[in-house]
Amino acid sequence: MNPHLSVVVPMFNEESVLPLFVERLRPVLDDLRASYEVVCVDDGSRDATPALLERYRRAWPQLRVVRLRANSGHQAAISAGLARARGDWAVTIDADLQDPPEVISEMLRVGTERGVDVVYGVRTDRSSDTFFKRVTAEGFYAVMARLGARGAMNAGDFRMMSRATVDAVLALPETNRVLRLAVPTLGFPSAEVGYRREERAAGRSKYPLSKMLRLSLDAVTGASSAPLRLATWCGLLGLLVAFGVGAFALWAKVMAHSVTGWASTIVVISGFGAAQLLGLGLLGEYVGRMFAAVQARPTHYVAYDSLEESALGRQPSIEHLAPEPAVIAHAS
26 MNPHLSVVVP MFNEESVLPL FVERLRPVLD DLRASYEVVC VDDGSRDATP ALLERYRRAW
86 PQLRVVRLRA NSGHQAAISA GLARARGDWA VTIDADLQDP PEVISEMLRV GTERGVDVVY
146 GVRTDRSSDT FFKRVTAEGF YAVMARLGAR GAMNAGDFRM MSRATVDAVL ALPETNRVLR
206 LAVPTLGFPS AEVGYRREER AAGRSKYPLS KMLRLSLDAV TGASSAPLRL ATWCGLLGLL
266 VAFGVGAFAL WAKVMAHSVT GWASTIVVIS GFGAAQLLGL GLLGEYVGRM FAAVQARPTH
326 YVAYDSLEES ALGRQPSIEH LAPEPAVIAH AS
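Converting from the sequence shown to the numbering used here requires adding 25 to each position, the first position being numbered 1.
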């Protein structure tokens, strides 16, 4: 019999925070008075995370461990967990405790009472984040809103989805989909639950600036074709600058001013060169996405699922628990 709720947790090198996460999550789920499973997706961890998960699984029957063969990225790990989740509802949450597990019960109540398909966890208080992160996050959501992307402001990957929503997300043909934008695009009935974003309980963030920029670029190019028009606008702007420089040169000649011409030449060449490079870069991003779509390579490979091992009556070996070297396939 399938559980009523599945909690999908992507993990990568979370040995320091995992005991705290289990300590807070299990009481919340046990108090729901509904059947549940916790699908922990080990995204190729290189520390003791796999061994800790197996230890907790022996004492927590609802805990399920899915291990990927290589580090595939945060979004791919969430997709892998959703593909294996069996619940009527599925909640995605990170293990760093910045998104409080206690909000899950409120999400389930709101989703059931209002009859919606998606309940977003919205960060109403981000005072624990750095000033730089708050500013860049607000800028990101503002840009996405201008590009026509749907979704709640300050809603990350902490959300609850109905089975119909999960099936629809998994059916999307995109390989590098950003779930925080892909889910709202479906247009299913939704609601919001606010919460205060906490500081990371332990360990360090797995999202450095480089990965945040990569995620932002995937989000922009995956949600809208509007950036392609930027090349057109840059071309028009360059044309106006060229006309202005030409008019100035003509005026200087009529007025018999001595003009060397090197400044206007540099301005025109650099302006057009910048516009062309920007346009080529934007086109390259979209061509790259089309190339990845044509290849249709899987974003992840599952090496181990404790549910399937239990059904076969086997226990994972020590070699099975040993972390594999991380190979970044589609880092998000």
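Ideal placement from N, C-alpha and C gives every residue a C-beta, glycine not left out.
Bridge pairing for Met185: Val116, Val144 [DSSP]. Arg94: not part of any beta strand (DSSP E); DSSP gives it neither H nor E.
The C-beta separation of Ala207 from Leu197 comes to about 6 Å, placing the pair in contact by the 8 Å criterion.
Judged by their CB atoms, Ile129 and Val147 are not nearer to each other than the 8 Å cut-off. About 4 Å separates the beta carbons of Val144 and Met132, which is inside the 8 Å limit, making them a contact pair. If you look at Pro35, you'll find it in the beta strand (DSSP E) that goes 30–36.
Burial is judged here by how many other beta carbons sit within 10 angstroms of a residue's own beta carbon; Ile118 has at least 16 and is buried. In this structure, DSSP gives Ala300 a helical state, which the three-state scheme calls helix.
Counting the other Cβ atoms within 10 Å of the Cβ of Leu88 gives 16 or more, which makes it buried.
Contact check for Cys65 and Val42: beta-carbon distance about 12 Å, past the 8 Å limit, so the pair fails to qualify. If you check the CB distance, Ala120 and Met36 come in under 8 Å. DSSP, reduced to helix, strand and coil, places Ser104 within a helical segment of the structure shown. For Glu48, the enclosing alpha helix (DSSP H) starts and ends at 43–55. Sorting Ala95, Glu40, Val203, Arg94 by C-alpha distance to the C-alpha of Arg80 places Glu40 at the top. Asp124 sits buried, since 16 or more C-beta atoms from the chains shown fall within 10 Å of its C-beta. Here Ser60 really is in contact with His29; their C-beta atoms are around 5 Å apart, less than 8 Å. Taking 8 Å as the cut-off, the Cβ atoms of Leu54 and Val32 count as close.
Setting aside the 5 residues that flank it on each side, Leu332 is surrounded in the same chain by Arg89, each with a C-beta closer than 6 Å to its C-beta; the list follows chain order. Pro75 and Tyr329 have their C-alpha atoms some 11 Å from each other.
Minimum Cα-Cα distance from Thr200 among the listed residues Met26, Ser97, Arg221, Gly304 corresponds to Ser97. Closest by C-alpha distance to Arg111, out of Gly212, Gly309, Thr190, Ala216, is Thr190.
In the assembly as shown, Pro52 is an exposed residue. Its beta-carbon has fewer than 16 other beta-carbons within 10 Å. DSSP places Tyr329 inside the beta strand (DSSP E), whose first and last residues are 327–330. A distance below 7 Å between beta-carbons, with the five flanking residues on each side excluded, links Arg205 to the following residues of its chain, in chain order: Gly176, Ala180, Gly181, Asp182. By the neighbour-count criterion, in which a residue is buried when 16 or more other Cβ atoms sit within 10 angstroms of its Cβ, Ile103 is buried. The residues Arg94, in chain order, have a CB closer than 6 Å to that of Tyr326 in the same chain once the five nearest residues on each side in sequence are set aside.
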